[in-house]
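Worksheet for the structure shown next.
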Amino acid sequence: MTNQLTLVLAQINLLVGDIHGNCERILATAAEAIQTHDADVIVYPELTLTAYPPEDLLLRPSLPGRIEKAMQQLCEARLSATLIVGHPLFEKGNLYNALSVIADGKVLATYRKQCLPNYQVFDERRYFSEGTEACLLDINGVPTALTICEDLWQTTPTRQASQGGAALMLNINASPFHTDKLEQRMELLSRRALESGTAIVYVNQVGGQDELVFDGNSMVARPDGEVRVVGPAFEEALVPVKFVWPAPPEATFSAPINYTALASESSLEQRCYQAMVMGLRDYIRKNGFNSVVLGLSGGIDSALTLAVAVDALGADHVTAVMMPFSYTSDLSLRLASEQAARLGVHYRTIAINDIYSAFSSALAEEFAGLPADLTEQNIQARCRGVLLMAISNKKGALVLTTGNKSEIAVGYCTLYGDMVGAFSVLKDASKTLVYSIARHCNDVAVQAGELPVIPYGVIDRPPSAELAPGQRDDDSLPPYDRLDCIISMYVEQDMSAQAIIDAGFARDEVQRVLRLIDINEYKRRQAPVGVRLTQRAFGRDRRYPITQGWRAGD
Ligand SMILES: Nc1ncnc2c1ncn2[C@@H]1O[C@H](COP(=O)(O)OP(=O)(O)OC[C@H]2O[C@@H]([n+]3cccc(C(=O)O)c3)[C@H](O)[C@@H]2O)[C@@H](O)[C@H]1O
Ligand SMILES: Nc1ncnc2c1ncn2[C@@H]1O[C@H](COP(=O)(O)OP(=O)(O)OP(=O)(O)O)[C@@H](O)[C@H]1O
Ligand SMILES: NC(=O)CC[C@H](N)C(=O)O
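Going by the working numbering, the sequence shown opens with residue 312, and the numbers climb by one from there.
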């Protein structure tokens, strides 16, 4: 006898901690999946009710009651389809990262995640106990195994599934984006399917959550290892998939849309741009805001940040402020106004000369006899920061800080100056990546017959903070191509000073850059959150002490 299941992969965007709202969203999407796709089984992402990662909300005493209420609501809805829903499970003094199978008004089975990730951005052992048993059950005649995210990255749960005779494995995920993640997941799914001879349905969360972005890209894998991406990237979707069993491998799944080629061919720049747009949009909206303001300097960082903001929120919700000083060039003024006009954002010019003079007069006695130095440069950046925060306070727009990963790494930014802000779009994009994403944006616009979103003059000019006459970034820092390689090797690849030198970089340059990275942790700790793009961003994935005597360059 042939069994057929219509599964709907609910790749949805939830709000961390909003258990009631998330429960309502489950019920609404389930109703839609039943009505539109005649779903037998609807599969939701990991920890659906709290959304991921709920962090220390898991420790709130009122959480068990809220979860119990939501679970009751899901049962009482008595939907015609089976729901697979992730949730925290409080049991005999332990907390589990669990999922439940809900059908016919009751919980038919509950699975406790066995493999708890505790590396990179994951911290699950802080909260959860490990489950110890597999969960296999018959769903409409199909022997099905249930697993949760990291379970698939380890070998035991898949082995349990095949030993238990599962034909299908449902794996629910909260798997955050980084640039190589899609390929890693596809390779993993293929390997596990082949090892076990089990078909796999992989459902991922989508949306931004503080520094993490979940990219969706839900997938299915046939027992012969063929993987198909069936969910879109960086978008919500209810994806219907028909599963047939027993069947030859090529007939295991049918799904209306196949995103595999699109997903695999998307460039690094395109993925990063989409992640930045989603990360920014969700941060602003999920925190109850709808507009942003930023300082637009005519340089590349603020230009790319502006382009992302317009795509994330719409031009009407973006204000760009040019704040010239004596060192601001005519070119900067022209490029900033040209880009603002091109993107149709609100644009304002507020000169900082008088404000700067007022600070200088106030400090004249205190600074009598002392030479001008970085202090004066930082006052310029801080004048701008004060103005942006005032606009934020008055208009309710969040400030976007525009620093990139290279600057944040070496502390080439002013505390309470250009570092002010709520959210940092480029936080994990090196200066080199900023340039290549900017060129990509222009290529896309030009191919669509539109004007480039970032004036080419912005891309072509040498980077400068314009805080002193004729200043260029490469007066103070190694050229960005070298600087970014050293940062990547030290921060993302954990290489030692000697290994970086052996890779072909000058000893004194390596020692200087590593020292700057080491001593600037205090600045990064005060920096706004921003979108994670790489295997290691500054933030929850790199927790270094501020006060310390370690010197990597020694
Ligand atoms: N360990 C520690 N823990 C806590 N605080 C510490 C600290 N060490 C210094 N500090 C504090 O930090 C201060 C120094 O930091 P800060 O005031 O930011 O100033 P600072 O790092 O000295 O200077 C800012 C640098 O960023 C460059 N910049 C500024 C603006 C824009 C751009 C750009 O191109 O985008 C570049 C500028 O050219 C300069 O090189 C010290 O005076 C002290 O108050
Ligand atoms: N004249 C200015 N008007 C408005 N904002 C400014 C001005 N100068 C600096 N800023 C703000 O401070 C940030 C840091 O300044 P900086 O000039 O270093 O960066 P950038 O111009 O974006 O990029 P680049 O480093 O390539 O010049 C800018 O991105 C911008 O948000
Ligand atoms: N939530 C999880 O278990 C995620 C861990 C997993 N390795 C991933 O990033 O996809």
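Note that beta-carbon positions come from the ideal geometry of N, C-alpha and C, so glycine has one too.
On a predicted model such as this, the values are computed, not experimentally measured, just so you know.
If you check the C-beta of V632 against ligand 2, you find a heavy atom less than 7 Å away. Taking the Cα positions, D785 is about 15 Å away from G610.
Residue pairing by DSSP puts R539 in a beta bridge opposite V531. Taking the Cβ atoms as the reference, V538 lies roughly 11 Å from N569, outside the contact range of under 8 Å.
Here the alpha carbon of K706 sits roughly 9 Å from the alpha carbon of V604. In this structure I395 is not in contact with L448, their Cβ atoms being roughly 11 Å apart against a cut-off of 8 Å. Distance from the CA atom of P763 to the CA atom of C752, rounded to whole angstroms, is 7 Å.
Taken from the Cβ of N569, every heavy atom of ligand 1 lies 7 Å or farther away.
Counting the other CB atoms within 10 Å of its CB gives W556 a total of 16 or more, which places it among the buried residues. Non-local C-beta neighbours of Q520 in its own chain, meaning closer than 6 Å and more than five positions away in sequence, comprise V327, ordered along the chain. DSSP places A566 outside any beta strand (DSSP E), giving it a letter other than H or E.
About 4 Å separates the beta carbon of L320 from that of V550, a gap short enough to meet the 8 Å contact definition. At least one heavy atom of ligand 3 sits closer than 7 Å to the Cβ of A485. DSSP, read as helix, strand or coil, puts G518 in strand.
The Cβ atoms of Q495 and P468 lie no closer than 8 Å to each other.
Close CB contacts of N484 within its chain, under the 7 Å cut and outside five residues either way in sequence, are with P356, E357, C460, Y513, V514, N515 and Q516 (chain order).
M480 is bridged by DSSP to A456 and I511.
In this structure L385 is not in contact with I353, their Cβ atoms being roughly 11 Å apart against a cut-off of 8 Å. At a cut-off of 3 residues, the continuous stretches assigned as beta strand (DSSP E) that sit fully inside the region 334–387 are 352–354. Annotation for R645 indicates a beta carbon at 7 Å or more from all heavy atoms of ligand 2.
Taken in chain order, the unbroken stretches of beta strand (DSSP E) that lie wholly in the region 388–471 and span 3 residues or more are 393–402, 405–414, 417–423, 447–450 and 453–459. For A779, the closest C-alpha among the options T713, V552, Q691 and D739 is that of Q691. Taking a contact as a CB-CB distance under 8 Å, the pair D612 and V745 counts as one, their CB atoms being some 6 Å apart.
Between I330 and A381, the C-beta spacing is below 8 Å. Between the beta-carbon of Y438 and that of L400 there is about 12 Å, and that puts the pair past the 8 Å contact cut. Restricted to the region 597–670, the beta strand (DSSP E) segments that are unbroken, complete and at least 3 residues in length are 603–606, 629–633 and 657–660, listed in chain order. In the three-state reduction of the DSSP assignment, T712 falls in the strand class, which pools E and B. Between the alpha carbons of E718 and K742 lies a gap of roughly 8 Å.
In this structure, L642 has its beta carbon at no less than 7 Å from each heavy atom of ligand 2. For N689, the secondary structure class from DSSP, reduced to helix, strand or coil, is helix.
For D795, no beta strand (DSSP E) encloses it; the enclosing alpha helix (DSSP H) starts and ends at Y791 to I798. L316 sits in a strand when the DSSP states are folded into three classes. In the structure shown, Q581 falls within a helical segment according to DSSP collapsed to helix, strand and coil.
In this structure, the beta-carbon distance from H628 to S648 does not fall below 8 Å. Around the beta carbon of Q837, a 10 Å sphere encloses fewer than 16 other beta carbons of the protein chains shown; the residue is thus reported as exposed. It is roughly 28 Å from the alpha-carbon of G518 to the alpha-carbon of T455.
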